[in-house]
Amino acid sequence: MTTGKTFAYYPGCSGSGTSVEYDKSSRAVCEALGIRLVDLPDWNCCGSTPAHQVDHVLSAALSARNLAQAETLGLCETLTPCPSCLKNLHNAVEHLREPGFGARVNALVERPLTREHSVKSVLQIIYEDVTPEKVAEKVTRTLNGLKLVPYYGCLMNRPGRSMHFDDEENPQALDKLMRALGAEVLPFPLKQECCGGAMGVPDNRITSRLSGRLLEYAVSLGADAFVVACPLCQMNLDMRQAQAGDYYGRGFNLPVFYYTQLMGIALGLDKTRLGLDKLIVKPAAALAKIGRKAKEEAPAASGAGRTAEAEVEA
Amino acid sequence: MKIGVFICHCGSNIAATVDVLKVVESAKSMPEVVYAVNSMYTCSEPGQQAIEEAIKERGLTGVVVASCTPRMHEPTFRRTVERAGLNRYMFEMANIREHVSWVGKDKAANTAKAVDLVRMAVEKLRLDKVLIPKFIPATRKVLVIGGGVAGIQAALDCAEGGMDVVMVESEPSIGGKMSKLDKTFPTVDCSSCVLGPRMVDVAQNERIELHAYSEIASISGYVGNFDVTIRKKATYVDWDKCTGCGLCTEKCPSKKSYDRFNEGMGETTAINIPFPQAIPKKATITAASCRLLSGGKCGVCAKICTSQAVDYTQKDREITVKVGAVVAATGYDLMDWTVYGEYGAGRYPDVITSLQYERLLSASGPTGGHIRRPSDGREPKEVVFIQCVGSRDPSVGRPYCSGFCCMYTAKQAILTKDHIPDSRSYVFYMDIRSPGKGYDEFTRRAQEEYKAQYIRGRVSTVYPKGDKLVVKGVDTLVGEQVELEADLVVLAVGGEASQNAPKLAEKLRISYDGYGFFMEGHPKLKPVETNTAGVYLAGSCQGLKDIPSSVAQGSAAAAKVLGLLSKDKLESDPQTAGVDVKRCVGCRKCINVCPFGAIREVDMRGQIKAEVIEAVCQGCGLCTATCPQGAVQLSHFTDNQVLAEVEALCQS
Amino acid sequence: MEPIQLGNGDAEFIRKVEVESRQDMKKCYQCGNCAAGCPMSFTYDYTASQLIRLIQLGQRQRVLSSRAVWMCATCETCSTRCPNEIDVARVLDVCRHMARREGYAGERNVRLFADAFLQSVRMNGRAHELGLMAVFKLRTLKFFADLSLAPAMLLKGKLPFLPHRIKARNEVADIFRRFKEGRAEDAAGGKP
Amino acid sequence: MPELTENTKELRIVGFLCNWCSYGGADTAGVGRFIQPTDLRIIRLPCSGRVNPLFIIKALMSGADGVLVSGCHPRDCHYAEGNFYARRRLEVFKHLLPVLGIDRRRFEYTWVSASEGPRWQKVVTDFTAQIHALGPAKFFADAPELDFLKAGEGVMQP
Amino acid sequence: MAIHEQLKKIILDTLPGVECVIGWGPGQDALHGSPVFMRKPEDVDSFMDTPLGAFGAVNNLALFLPELSGKKVGVVVKGCDSRSIVQLVAEKLIKREEVVIIGFPCEGAADLTKIEKALPEGREAGEVTGAAIVGETLKLSLGSEEISLGLADIKADKCTRCKTPGAVISDAFAGIAGKAPEVRDEYADLAALEAMSLDERFKFWEREMSRCIRCYACRNACPLCVCRDHCVAGSRSPHWITQTDSTRDKLMFQIIHATHLAGRCTGCGECQRACPAGIPVLLLKRTFNRGVAEIFGYDAGMDTEATPPLLTFQVEEAHIKEREWQ
């Protein structure tokens, strides 16, 4: 378990905009789990999708500046909640190992990197270092009764030969973490099918079409809510849910939680740190399902029970 | 020593870029060379005659031929010098064609190089010794490992040729993969009708001794004289008493045992006979599923058995046999397709392998030959076949083509239509590989007569939706994505070397390739031999192949065995290692490294010495490179010979 | 469509794509798996596997002017499932880089969005969503698309009016400046 | 780095090749007329496992400018294991050369199969260029010829 | 009880069950000791009965074990000596049950060459009339002259990189084995050589080997040399080297010895200690030791169950990148 370990933290631009609740709740959860985050000082945008679509060296240079900021903290392990940022930072590290690439990047940046860096998602650290079992032990309010559809998006695990996190075709991190919290996790075969990503701005029909498919399938499973780990996915499924509804001529009304928000609830964290009010599709009805049955279960016992069950299902 | 050197022109092949006469002149001044001459085609009849005459007339005691590669004509010229009365090992070659005239443009440089190579050959020859082959007695009996169609063919052919055969099969019944098939391509004839009688032949042939549910514990010895230990696994049923009546299998209360023969498509009893045509038709208890053997109370089968064959106390036991040759026919395994997350990695019951589908098609299968979906027993109407699952896929370490999947998929599409006339089959393929007699016509029939829809493209993902399976793929011929809600998805899972192949290879001391397939002696000219004398290959253990090829190889291996053991004594290659016992200090390093177990420890007046078993030694020379004091020397490649060659090059 | 002149394949183009993407185009045996799983394929003129094929044939013009290279969402489904472990998404990225460098018009909206986004990053050091949307809409004249989203977002405090500017904005701006000046390629001794 | 041209004086390069793969590969290169530099002379051995690392130093100390060992690719050894041992021994032996004052690039070992004619051509070409780049080797000039090689002494009796 | 006395007691207890116990006793002068073969209780009196005591126990007595194979013998060992025994057992050159290993906490052994060098100009070891270790210094008397040397300055180099001050394996141990120090062999001796250019190294060996008198003391002192009377140095079949006085052949012999020890040498340094010409022959062996440690993570003489790395293989070698070239 990572309790006490310190990481550099890269919040990403959306953390102070469209996914402010993800940033807040990620910090809160990490604090509760003993993962110490130190913000990268004066970090810059990783360039997101546009940068790597314009040039890989430019993209890597933007990331390299951030990693250089980590070096000023004496850190070389950086965490970020956002898979898009993760992909850029991770690819920069990977590409810098390729011959000739480093020289190009160094020609663009002020301070070339001096160390080997690793970049991981907050989710990866919680899943691999803290582990769902340990999370289950800390649950004070089980999410019993809540039926969730886990949605991982494209980027976090793929391709496996590069990302080295979880299963590239059937990831389990969110599944197991949510089970550890006591929620029911529905089998969702589209858990990595693309939501449309950044295509919403240029043409929101694309996101509507792709996200709509995901929403339709989730509703057909009888889910109470989505649980996600990506600001862009969350935005497409939540903020653009109405657009998708229009595209398919129907309504969905499916709240889309960040996994950190649900963890915050289960760990009994201060609600104000979870930003549930920031969700566009109102989560009240879904949240009301929590604890409908088995309310009498003692928190600790339920936590342990969940763990066993999660293992059996795995 | 009186050495004669013959420099070949090879027409203009050598002479065009090497000054042959200059080489002859240089050779004349080399130590102990008494005769040097050029020759237009040394390997031709007059060329060989010239060598013979020179040996006789000039009393040569050693011959060097500088011509092509020794890998081509060394045996030829050895016979030549032998005809003239020399020992055939008093001969060396210098390769001045492949290594000189064909690869260098500069005539002066080529000539100098040719002279060096001749000098090297002369220096080596000066240290050559007369070697005389030994004759070793041989046991006229063959071990056939594996009772699939290839092994059965090899065993029956050997028995037919008058050879005693010991057959070892790891499963409770022989028959192999073929016994699981419903029909065979391209004739769509019944697999068990073809194979069944051959299996019965094995059981009835007096020359064949069958050990089913057994494995090879160890093999020692060498060609003509292998000592084999066979481990007979406990069946908990005395097969001498068991009549195969099957009563026990009806009464066994433990009915949830994994059915290996049916590829898990059904369940079986803890005591079972794998299938009605099994040979031997004897019952076996799966210990893990047996209530009594796994610690509970039961004993129903023992009570019910009229011949008191059930013996819960039975243990594995080992027997030993002596054989003169071995045929490995251990077949293949299906690759573990669950690495493919995109097809559900085994989570969806209605995504099955082609071999599982065979069991659903087979009248002797768990559904009695009615195609039923594993999930709900419903008859599928839309059946999708995905080809190349685990074949031609470097990302999962299987870059090779399994070779038979295109054909059996066509067959399965045809059979699907036969079984369910209103069904539709979709075959996703990359290329259709059907180069065999009647094969391509067969795949055309699947499409033309049986209306199988062939889609040129891959399936990206399969996922459940309601009680259907959504299949998302592409048709690359129209360049568009395609989708289908299917009832059943059949994966044409490729084959791989059987899991135990490397272990067996090590016991047999044969090599295997990076995938675990056994290596043949030569890809063209020794397809069923291995590099270990007396060990032959048949069927898919050497590389994936279909039934006709497996059978052909079984027969070929049998022919090799019959040829090898047609004599009572075998000649051994004398180019082996030998130990100078005076120098040997008994440190055992050579014994440790010998890949063939050809060196043993002997006690010589209280001192440990190494001793080479010449018939086992394959002549690699690893021992010679290992022995610190140089006590073990490989004949014809001694340290002194190599050093002489080095000196010949460096001092020149 | 004019026949592809096989003899006129642009070997330099193939080499450039291979070097810049570090992927071996010859490895592709056209199974189609990349095309099969591509979620954006419905927007493409050529499928992913056809693009790879066109690169194999050295068809610079056809590849760089295709809609597909702009519409790729970099979801990496293709890269994940390629049996030959070709990073197809990276190849498409590289084709888009080349198309940009060589002045192909491409998909206007996609290109303008990227430009607007990077402009925001260049000026502020970080992306300012509201600002970049304004720039984007100004350029595309698509004032009404997504307009319905704005009130809710503003209400939730998810679209700050003012950009978050970093202190060392110059460092980020310098990265862009040096990139534009071609410093990266000078460092590597010219474009590969 | 000096260019390898036709005028460059030939250097002495000794190759130890296993009979089954690399010697065959060199034959295949010949059959395919894959032109190579002429410096290398090949000593045929049954297996790379037969290569005593001391052969290499013996050659280098006797006046060779470079030594190349080539065997079957790992797992493809005709004798199943010989090249696995060779790989370890040769790899370890590489460490000795620079300590003796011999450039470690004067010795390389590699794997070439019987079918890899083009590969053999590349191996020979590259290795020869490598040795030419290093130039002629120094060697212990005071070493006399090994006496058993002198005419008349004949064959050693064991 | 002093370690020395404890050892004597153990030897006395061991003697009845063994052919002899090999230990260290007095030698030609005050500084030099020599091996003693103790068969009777009275033989034990001379054990370590030298001015230098355990500090003078320089010989690696494992040397004698292979020859005594077949008989049960006891042997007193320093930690480094025990590694030779471990290696001999691992290679089945001796039988573990035939050796009674007696260990003690070694604090380092003397390098007599260093002592001799420290003597005043023109004085020889034989002139030393008395010696005593007092604290961390060695006090020597040469007639009337008294000199004192710091122990650290006259310790053998190998002691500075010793990982096994106690015995790796032992049947009896005098005193309490200290904790194994966390030393890493930095191969400073090799680094010094490698600081030279290739040409200088070549000349270095030419110069060093020219002093060789072909006495083979190096080989004869090596506990792991298995060839003994069948050394290739004296053989014509195979005929690796000539009998001539050539530097090349002298060096060739050292290379042969080092190659035979690759993956087996425990670095006991007896070869170099035995060399009357003071040639640094251990360097070549240590070159291989370093290479073997790098490639296989293997140190000879630490595990009786280990197989020397050159007598085995892995199908996939983690640390061999043989495809780097071509």
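Residue numbers (my numbering), protein chains in the order written: chain A, 6 to 319; chain B, 28 to 679; chain C, 981 to 1172; chain D, 78 to 235; chain E, -6 to 319. Yeah, the Cβ is synthetic: ideal placement off N, Cα and C, and Gly gets one too. All of these numbers come straight from a predicted model, not from anything done at the bench.
With a cut-off of 8 Å on Cβ pairs, the segment 515 to 522 of chain B is in contact with the segment 402 to 418 of chain B, counting three or more such pairs. The alpha-carbon of residue 11 of chain A is positioned some 26 Å away from that of residue 172 of chain A. With a cutoff of 8 Å on beta-carbon distance, residue 93 of chain B and residue 123 of chain B are scored as near each other.
Counting only Cβ-Cβ distances below 7 Å, residue 988 of chain C has no contacts in chain B at all, with the closest Cβ about 22 Å away. Note: residue 62 of chain B is bridge-paired with B:31 in the DSSP secondary-structure output. The beta-carbon of residue 162 of chain A is placed no less than 8 Å from the nearest beta-carbon of chain B.
Closer than 8 Å at the C-beta level to chain E, one finds these residues of the segment 645 to 663 of chain B: 653, 655, 656, 657, 658, 660. Chain-ordered, the chain C residues with CB closer than 8 Å to the CB of residue 369 of chain B read 1017, 1061. In this chain, the alpha helix (DSSP H) harbouring residue 199 of chain E covers 191 to 203. With 16 or more other Cβ atoms inside 10 Å of its own Cβ, residue 264 of chain A counts as buried. Contact between residue 76 of chain A and residue 120 of chain A is confirmed by a C-beta separation of about 6 Å, below the 8 Å threshold. In the three-state reduction of the DSSP assignment, residue 33 of chain E falls in the coil class, being assigned neither a helical nor a strand state.
Residue 433 of chain B and residue 485 of chain B have their C-alpha atoms spaced approximately 14 Å apart. By the neighbour-count criterion, in which a residue is buried when 16 or more other Cβ atoms sit within 10 angstroms of its Cβ, residue 285 of chain B is exposed. For the segment 116 to 131 of chain B, residues whose beta-carbon sits nearer than 7 Å to a beta-carbon of chain D comprise 124, 125, 126, 129, 130, 131. Assignment of beta-bridge partners to residue 236 of chain B by DSSP yields B:193.
Nearest neighbour of residue 195 of chain B by Cα position, chosen from B:184, B:209, B:175, B:69, turns out to be B:175. Residue 225 of chain E has its alpha-carbon roughly 8 Å from the corresponding atom of residue 234 of chain E. Using a C-beta cut-off of 8 Å, the segment 64 to 78 of chain A makes no contact with the segment 34 to 41 of chain A, since fewer than three inter-stretch Cβ pairs fall below that distance. Counting C-beta atoms within 10 angstroms of its own C-beta, residue 81 of chain B has 16 or more neighbours from the protein chains shown and is therefore classed as buried. According to the DSSP assignment, residue 432 of chain B belongs to no beta strand (DSSP E) but to the alpha helix (DSSP H) extending over 432 to 446. Taking a Cβ-Cβ cut-off of 7 Å, the neighbours of residue 173 of chain A in chain B comprise 368, given in sequence order. Annotation for residue 91 of chain A: 85, 124, 125, 126, 160, 161 place their beta carbon closer than 8 Å to its own, counting only its chain and skipping 5 residues before and after. Contact of residue 55 of chain A with chain B is not assigned, every C-beta pair being separated by 8 Å or more. If you look at residue 168 of chain A, you'll find it in the alpha helix (DSSP H) that goes 165 to 168.
A Cβ of chain C is located within less than 8 Å of the beta carbon of residue 21 of chain A.
Excluding its 5 nearest sequence neighbours in each direction, residue 202 of chain D has C-beta neighbours in its own chain below 7 Å: 113, 114, listed in chain order. Note that the C-beta distance between residue 26 of chain A and residue 279 of chain A is below 8 Å. Think of a sphere of 9 Å around the beta carbon of residue 274 of chain E: no beta carbon from chain B falls inside it, the nearest being about 17 Å out.
Between the segment 426 to 440 of chain B and the segment 530 to 537 of chain B, the count of Cβ pairs shorter than 8 Å is below three; the stretches do not touch. Residue 1001 of chain C and residue 132 of chain A have their C-alpha atoms roughly 32 Å apart.
Chain C has a Cβ within less than 8 Å of the Cβ of residue 488 of chain B. Of all residues in the segment 138 to 161 of chain D, those with a C-beta nearer than 8 Å to a C-beta of chain B are 139, 140, 141, 152, 153, 154, 155, 156, 157, 158, 159, reading in chain order.
Listed as beta-bridge partners of residue 44 of chain A by DSSP are A:14. The closest CA to that of residue 154 of chain A, considering only A:208, A:233, A:294, is found on A:233. Using a Cβ-Cβ cut-off of 9 Å, residue 136 of chain B is close to 83, 87, 114, 115, 116 of chain D, given in chain order.
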